[in-house]
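Enquirer:
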Amino acid sequence: MLQKWWVLGLLAVVSFAFAVFAFLNGRLVIPALLILAGTGFVISATATVIKQRGGR
Numbered sequence: 003m004l005q006k007w008w009v010l011g012l013l014a015v016v017s018f019a020f021a022v023f024a025f026l027n028g029r030l031v032i033p034a035l036l037i038l039a040g041t042g043f044v045i046s047a048t049a050t051v052i053k054q055r056g057g058r
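In the working numbering, the protein residues as written are 3 to 58.
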């Protein structure tokens, strides 16, 4: 189970790094979408962890 979280976290970091790279290249639309998707992913993952640990 820990391995799954490592993979998901790594994917989130890679996608965020790609968004920053694209932003520095001046392409605004794609990184904006990636940042929104990454933020939603982090929120959903955090909510999942809280549900598993807190039970609510």
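Just so you know, even glycine gets a beta-carbon here, dropped at the ideal spot from N, CA and C.
Answer yes or no: do F18 and G40 have a C-beta to C-beta separation smaller than 8 angstroms?
Expert: As a first step, residue 18 is located in the sequence shown; it is residue number 16 there, counting from the start. As a first step, residue 40 is located in the sequence shown; it is residue number 38 there, counting from the start. Taking 8 angstroms as the Cβ cut-off, F18 and G40 qualify as a contacting pair.
Enquirer: In whole angstroms, give me the CA-to-CA distance for T50 and A24.
Expert: Translated into positions along the sequence shown, residue 50 becomes position 48. Translated into positions along the sequence shown, residue 24 becomes position 22. Going from the Cα of T50 to the Cα of A24 covers about 29 angstroms.
Enquirer: Relative to the C-alpha of G11, which residue among I52, A47, G56, K53 is closest?
Expert: Translated into positions along the sequence shown, residue 11 becomes position 9. Selected option, being the one with the closest Cα: A47.
Enquirer: Whose C-beta lies closer than 8 angstroms to the C-beta of W8 among residues of the same chain, with five residues either side of it excluded?
Expert: As a position in the sequence shown, residue 8 is number 6, starting the count at 1. There are no such residues.
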